[in-house]
Amino acid sequence: MKKIGIVLFVLIVFRAAAAEDLKSEADRIAATEQVAAFSDPARVWGTGVESVIEEAYRLSFKTYIIGGRVMNLRMPFAENNERAELTGKGWELLGGGKADPVFLWGAIGEILGSEDFKKYTETLFDGREKVIIFDIPTKTWNISLDIFDIARMKAGAYRGLPHRPYVLVSGQGIQDSDVYNYLYCVGWVGLDCSGFVWHVLSYVARKGGSDLGRSLRRTIGYPRGSDPSYYVGTGFFNSKSREIVTVEDRIGNLKPADVLLFRGEDGSMVHSAIIQSVNVNAGEIRYLQSTDEAPLAERGCHESYIRFDPMNPGVSLRDPSVQWTQNRYPPFPGEKASPFSNDGDRYRAFPEHGGGKVVRLALMAGIIDKLAPH
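According to my numbering, the stretch in the sequence shown is residues -2 to 371, in order.
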């Protein structure tokens, strides 16, 4: 009887533990579902194309624990030879700045797990103020503890070069911006502006049941069997193809998935971004882009806003009354500042060449209709 009592006791405890485990698992699943529901883009953006664009945008972020801190990293901007003028040779980032974010995050995970990044992290925790000197062409970095180098950086006497950025750090721990600097300079990973725009458009098309690359193969002119994203630059969005429709840039004409183009000094289009939403009632446009000319916390893929008078939706994006809130800064503190203080200045720049403009992929109209709430 004693043995039977022990067995019964063990069974009761086992069943209680199992029930508790099931309860814990049920609680975990319920909590996961609650978090998923809370983070669902549809909560804010509804079930149309704005929500799908948000899904595509969120693929540019991933959470890691680095140096004991939880960091929500954003996909870096891919500079692709934009800093190579003094080196005599260029370099190309993984995927040419056009690769799919899921693929790039896999590569970033390997970089963050490398011995060199571990050494870099330890250096940022060693308690010593220093200057970190990156060398982009060789994918290396070193440090200077020279008091004069540190003093120059503090005084604003920046000694870096485009391909050799200098960064002053405290040695008191790693920040999100430190991770970005490493991925940008040493990791050679990221999305350039047109690569990001193409990613968003392609994602929206897939959600609408279309393969954008296949549909535009003749227009893009990429070889069979290759990835179309590698052949789509900002110049493509400024092409004379019938697939590219120029939109009069009055706010009332703008729609989600329209592409903003910013002109360079020579008249060519040098930067692109994509509109996510146009809220006429609130007087706000949200657009998304990938660039490193932004505040430190926003370098890479980030959201930007345009604000306007809701009573005047016929106003042009060029109008001085339209407020572009995205400020522009050099990628590394101390470097030469952008000639444009904000995106509005950049959009209105070079009027002799026509300034910025808005275009639309003709194919997107039917796709967006499919995604509209019914």
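Every residue, glycine too, gets a C-beta built ideally from N, C-alpha and C.
- When C-alpha distances from GLY106 are compared across ILE130, PHE131, SER141 and LEU70, the shortest belongs to LEU70.
- A distance below 9 Å separates the beta carbons of PHE131 and VAL183.
- A residue is called buried when at least 16 other Cβ atoms come within 10 angstroms of its Cβ; ASN235 meets this threshold and is buried.
- About 6 Å separates the CB atoms of VAL128 and ILE147; that is less than 8 Å, so the two are in contact.
- Between LEU91 and ILE63 a beta carbon distance of about 20 Å is seen, past the 8 Å cut, so the two are scored as non-contacting.
- Residue pairing by DSSP places GLN286 opposite HIS299 in a beta bridge.
- For PHE193, the enclosing alpha helix (DSSP H) stretches over residues 190 to 204.
- By the neighbour-count definition (other C-beta atoms within 10 Å, threshold 16), ALA291 is a buried residue.
- Following the DSSP letters along the chain, one finds LEU101 inside the alpha helix (DSSP H) bounded by residues 98 to 109.
- An exposed status is given to THR322, since fewer than 16 other beta-carbon atoms sit within 10 Å of its beta-carbon.
- In the structure shown, ALA53 adopts helical secondary structure according to DSSP, grouped into three states.
- Cβ-Cβ distances below 7 Å link ARG283 to GLN273, SER274, GLU300 and TYR302 in the same chain, with the five nearest sequence neighbours on each side left out; the list follows chain order.
- Membership of TYR344 in the alpha helix (DSSP H) is indicated by the continuous run 340 to 345.
- Separation of ILE248 and LEU198 (C-alpha to C-alpha, rounded to the nearest whole angstrom) is 21 Å.
- DSSP places ALA270 outside any alpha helix (DSSP H); the residue lies instead in the beta strand (DSSP E), whose first and last residues are 266 to 276.
- Taken atom to atom, the span from the alpha-carbon of SER174 to that of LEU293 is near 6 Å.
- In this structure TYR344 is not in contact with PHE233, their Cβ atoms being roughly 19 Å apart against a cut-off of 8 Å.
- Per DSSP, reduced to three states, the secondary structure at ASP263 is coil, with no helix or strand assignment.
- With contacts defined as CB atoms closer than 9 Å, LEU368 and VAL49 qualify as a contacting pair.
- By the beta-carbon neighbour count (other beta carbons within 10 angstroms, threshold 16), ASN278 is exposed.
- From the listed residues SER207, GLU240 and ALA202, the smallest Cα separation to ILE217 is found for GLU240.
- Shown here, LYS127 sits in a strand according to DSSP, grouped into three states.
- In this structure, DSSP gives PHE74 an extended state, which the three-state scheme calls strand.
- The Cβ atoms of VAL355 and LEU257 lie closer than 9 Å to each other.
- Rounded to the nearest whole angstrom, the CA to CA distance from SER335 to PRO327 is 6 Å.
- Residue ARG161 holds the alpha-carbon nearest to the alpha-carbon of PRO330 among TYR219, ARG161 and GLY261.
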